[in-house]
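Accompanying notes for the structure given below.
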Amino acid sequence: MDANLDDALAVFEGVRGRLFGIAYRMLGSATEAEDIVQETWLRWQGADRSVVQNAPAFLATATTRLAINALQSARARRETYIGPWLPEPVDTSGDPTLGAERAEALGVAVLVMLERLTPTERAAYVLREAFAYPYDQISQIVQLSEAAARQLVSRARKHLAGERRREVSQQEQRRLLTAFVSAAQTGDLVELERLFAEDVVSYSDGGGVVRASKFPVRSRAVVAKYIRAFHTHFWVGVEITEAEVNGRPSMLLSKEGTTFAVLTVVASTVGIEQVLWMMNPHKLGAVTSRAAS
């Protein structure tokens, strides 16, 4: 054992939250992000730390490069994923920005959009927009010129801007989510349609493990009827707990003390645009402990 291992661990633990935040935004999976952080620690443990001038930069670089490699293989797996893929939700009540300067690239809907970027574009965007890394450092991490790093971020911004509408405040998101749950429980078709934007989409991620729609459900009238169709049995015995998940107001849905879904909405000034049901039990570990506490 290295006599300086305690010092190395102290340095690592000092930036662990940031490393997890980078890896999670890159992969959309808390489980895979933890694996990346653990691999970064092993690399840090085995590195010649005497020649490392900037330990946090070394660790961020290792984490990002490992995440880029992991994302490339993760995408191959997601091509065969059953039904819509949504990221693994994380409780952000104790850390609203998840180790970052800003909460950017953390919302569920944005993480889904980030899937359309290349791994390197995603890395550059995450490092710049969430963690405010300077371009010269981003260029070193992604191993491209500074000009190329700027171009990556610019392309990513334009791509995302073309798909994002201006969201309403957190308070309004919470109000609309609460109103939606109330209308969904009672099957109030008129109220559901009133809450929805015309082009609303409902995504249910069951991963083929639990019963859930394998296709997105689209449009105000169709989504309202879809929600109404299962209201008489879906909500029976369900306990609802307010939470902050991925920096957004959310609801944890539980039965007999076990969380079986995380529900959130994305809303703009025209109403609820997306209803997101995260129901794959293999993805709920990062929020289950909170529901049980």
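Under our numbering, the sequence shown has 318 at position 291, and the numbering climbs by one with no breaks.
Glycine residues also receive a C-beta, built at the ideal position from the N, C-alpha and C atoms.
Host beta strand (DSSP E) of residue i (start-end)
{"i": "Trp304", "result": "298-305"}
{"i": "Thr147", "result": "Element bounds for Thr147: not the beta strand (DSSP E) but the alpha helix (DSSP H), 146-152."}
{"i": "Glu266", "result": "266-272"}
Residue i classed as buried or exposed, judged by whether at least 16 other C-beta atoms fall within 10 angstroms
{"i": "Asp75", "result": "exposed"}
{"i": "Gln301", "result": "buried"}
{"i": "Val153", "result": "buried"}
{"i": "Gly235", "result": "exposed"}
{"i": "Arg192", "result": "exposed"}
{"i": "Asp163", "result": "exposed"}
{"i": "Val31", "result": "Residue 31 is actually Asn in this sequence, not Val. Flag for Asn31 reads exposed."}
{"i": "Pro243", "result": "exposed"}
{"i": "Asn96", "result": "exposed"}
{"i": "Val263", "result": "exposed"}
{"i": "Lys364", "result": "Residue 364 is absent from the structure shown; the chain starts at 28 and stops at 320."}
{"i": "Arg275", "result": "buried"}
{"i": "Ser129", "result": "The residue you asked about is not Ser; residue 129 is Arg in the sequence shown. Arg129 is exposed by the Cβ-count criterion."}
Residue i in three-state terms, based on DSSP
{"i": "Ile109", "result": "coil"}
{"i": "Val117", "result": "coil"}
{"i": "Met28", "result": "Residue placement at Met28 is flagged as unreliable, the pLDDT there being 44, under the threshold of 50; the coordinate-derived value follows with that caveat. DSSP places Met28 in coil when its eight states are reduced to three."}
{"i": "Lys282", "result": "strand"}
{"i": "Leu290", "result": "strand"}
{"i": "Arg245", "result": "strand"}
{"i": "Thr213", "result": "helix"}
{"i": "Arg193", "result": "coil"}
{"i": "Arg255", "result": "helix"}
{"i": "Arg129", "result": "coil"}
{"i": "Arg275", "result": "strand"}
Alpha-carbon spacing of residue i relative to residue j, whole angstroms
{"i": "Gly353", "j": "Arg70", "result": "Nothing can be reported for residue 353, as the shown portion of the chain is limited to 28 through 320."}
{"i": "Ala318", "j": "Glu199", "result": "For Ala318, the predicted model reports a pLDDT of 47, less than 50, meaning its position is unreliable and no value from the coordinates is stated."}
{"i": "Ala270", "j": "Glu66", "result": "30 Å"}
{"i": "Leu10", "j": "Ala151", "result": "Nothing can be reported for residue 10: it is not among the residues displayed for the chain, which extend from 28 to 320."}
{"i": "Gly233", "j": "Met305", "result": "7 Å"}
{"i": "Ser120", "j": "Gly312", "result": "16 Å"}
{"i": "Leu241", "j": "Trp112", "result": "Rather than Leu, the amino acid found at residue 241 in this sequence is Lys. Near 10 Å, if we compare the C-alpha coordinates of Trp112 and Lys241."}
{"i": "Ser281", "j": "Ala183", "result": "37 Å"}
{"i": "Ile63", "j": "Gln170", "result": "19 Å"}
{"i": "Thr213", "j": "Arg247", "result": "17 Å"}
Alpha helix (DSSP H) segment containing residue i, residue limits
{"i": "Glu173", "result": "173-188"}
{"i": "Tyr327", "result": "With the chain covering 28 to 320 only, the question about residue 327 has no answer from this structure."}
{"i": "Val237", "result": "Neither: Val237 is in no alpha helix (DSSP H) and is coded neither H nor E."}
{"i": "Asp62", "result": "57-73"}
{"i": "Gln164", "result": "162-169"}
{"i": "Leu138", "result": "135-141"}
task: Evaluate the contact criterion for the stretch 85-102 versus the stretch 196-205: three or more CB pairs, one atom per stretch, below 8 Å.
output: no
- prompt: Three or more beta-carbon pairs under 8 Å between the stretch 102-112 and the stretch 120-130, yes or no?
  reply: These segments do not touch.
query: Would the stretch 48-57 and the stretch 137-150 be scored as touching if the rule is three or more Cβ pairs under 8 Å?
result: Between the stretch 48-57 and the stretch 137-150 there are three or more inter-stretch CB-CB distances shorter than 8 Å, so the stretches are counted as touching.
message: With three or more beta-carbon pairs closer than 8 Å as the criterion, would you say the stretch 170-178 touches the stretch 215-227?
response: no
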